[in-house]
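The opening position of the sequence shown corresponds to residue 65 in the working numbering, with each subsequent residue numbered one higher. The next block holds one structure in the form of structure tokens; read it before the comments.
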Amino acid sequence: MEEWLQLLQVVPTMNWPQWRSDRAQVLLTLLYCALLRISEAIHLTKDDIKEEEETWKIHIRQSKTDQFGTGATIYLARESWFDEILLRQINASPPGQLLCTANGTQWSEGAAATEIRRLCEKAGIRKLSPHAFRRGGTTRALEEGVPMELVQRRGRWASPRSMKPYIAHTATTQGGPADLIG
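As structure tokens, this is what we get:
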């Protein structure tokens, strides 16, 4: 979580236009908190995001593990700092893609990954791939006590086995430290 927060804090220092700073913060948050894959995040449209009383309802039209094409819905808690950024992004012209280029065209996975690398360099942290946020968010959710099957559902993994590589080895994810027999 520390690296995600560091990157969120470094975004305003990039001297980017507001729309680009907002786009970066929304991307980082969707990857880390909603456990989105980069392809899922950049294909979201503004219509895929619904504001509810206590949550943001995010509809993923197609997921890697969605064999029937029914999509999936992910819920993010409302937080004033994120609400403000996401609403600016949703209300910005032009309509269509949530995370787009300056002229409103589709943002590519490569360009999004490059933006993350630039932020890592500016923050002075190791270079993180977009997928690293999914791993970090998975571990964070488990450490916060979210049951494994619910994290699996949020991350849209087909099985617990396919989710295991995303779980970091921490004291919490190992059930606490091993007791010593004295």
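C-beta: ideal position from N, C-alpha, C; glycine also.
Span separating the alpha-carbon of P202 from that of T93:
Against the sequence shown, residue 202 aligns to sequence position 138. Against the sequence shown, residue 93 aligns to sequence position 29. Reading off the sequence shown, one finds Thr at residue 202, where the question assumed Pro. Each residue's alpha carbon lies about 13 Å from the other.
For Q153 versus V90, is the C-beta distance shorter than 8 Å?
Residue 153 sits at position 89 when you count from the first residue of the sequence shown. Residue 90 sits at position 26 when you count from the first residue of the sequence shown. Taking 8 Å as the Cβ cut-off, Q153 and V90 qualify as a contacting pair.
Report the CB separation of A156 from W83 in whole angstroms; it is logged as a contact under 8 Å.
In the sequence shown, counting from the first residue as 1, residue 156 sits at position 92. In the sequence shown, counting from the first residue as 1, residue 83 sits at position 19. Indeed they touch by this definition, with Cβ atoms about 6 Å apart.
Would you say T109 lies against chain D (beta-carbon separation less than 8 Å)?
The structure shown contains no chain D; it is built from a single protein chain.
Write down every uninterrupted run of the beta strand (DSSP E) in the region 126-181 whose length is 3 residues or greater and which is fully enclosed by it, in chain order.
136-141
Measuring alpha carbon to alpha carbon, tell me which residue in A187, L99, E115 and I102 is nearest L71.
Here residue 71 refers to the residue found at position 7 when the sequence shown is read from its first residue. Ranking the options by Cα distance to L71, first place goes to A187.
When you compare the region 111-128 with the region 205-216, are there three or more beta-carbon pairs, one atom per stretch, that lie closer than 8 Å?
no
Note down the Cα distance separating V149 from S223, rounded to an integer number of angstroms.
Within the sequence shown, residue 149 is the residue found at index 85, counting from 1. Within the sequence shown, residue 223 is the residue found at index 159, counting from 1. According to the sequence as given, residue 149 is Ile; it is not Val. About 34 Å.
At the level of alpha carbons, what is the spacing between E67 and T134?
Taking the first residue of the sequence shown as position 1, residue 67 is located at position 3. Taking the first residue of the sequence shown as position 1, residue 134 is located at position 70. Looking at the two C-alpha atoms, the distance is approximately 33 Å.
Beta-carbon proximity check, I113 vs L192, cutoff 8 Å:
Within the sequence shown, the letter at position 49 stands for residue 113. Within the sequence shown, the letter at position 128 stands for residue 192. The answer is no: Cβ separation not under 8 Å.
Any idea if R87 is buried or exposed, counting beta-carbon neighbours within 10 angstroms, 16 or more meaning buried?
Residue 87 sits at position 23 when you count from the first residue of the sequence shown. Buried, by the Cβ-count rule.
Given the structure, does P159 come close to the ligand SAM, in the sense that its CB is under 7 Å from one of the ligand's heavy atoms?
Ligands displayed in this structure: none; no statement on the ligand SAM is therefore possible.
On the premise that A98 lies in contact with L69, defined as a C-beta separation below 8 Å, what is that separation, rounded to the nearest angstrom?
Position 5 of the sequence shown, counting from 1, holds the residue named residue 69. Position 34 of the sequence shown, counting from 1, holds the residue named residue 98. So it is not a contact: roughly 16 Å between Cβ atoms.
Alpha carbon of T169 to alpha carbon of R142, nearest angstrom
Sequence index remark: in the sequence shown, residue 169 carries index 105 (1-based). Sequence index remark: in the sequence shown, residue 142 carries index 78 (1-based). If you take the alpha carbons of T169 and R142, they lie about 28 Å apart.
Taking 7 Å as the limit between beta carbons, can you name the residues of its chain near E179, skipping five residues before and five after?
Your numbering for residue 179 matches position 115 in the sequence shown. A88, listed in sequence order.
With DSSP collapsed to three states, give me the class of K186.
As a first step, residue 186 is located in the sequence shown; it is residue number 122 there, counting from the start. The answer is helix: DSSP assigns K186 an H, G or I state.
Quick one, are the C-beta atoms of R220 and A105 less than 8 Å apart?
Stepping through the sequence shown from its first residue, residue 220 is reached at position 156. Stepping through the sequence shown from its first residue, residue 105 is reached at position 41. For R220 and A105, no; Cβs fall outside 8 Å.
Please list, in chain order, all residues of the same chain as F197 whose beta carbon is under 7 Å from its beta carbon, the five residues on each side excluded.
Counting from one through the sequence shown, the residue named residue 197 turns up at place 133. Within the same chain, F197 has close Cβ partners W68, L92, L95 and Y96.
Backbone CA spacing between E115 and M78 [nearest angstrom]:
The residue labelled residue 115 in the question sits at position 51 within the sequence shown. The residue labelled residue 78 in the question sits at position 14 within the sequence shown. Distance between the alpha carbons of E115 and M78 is about 29 Å.
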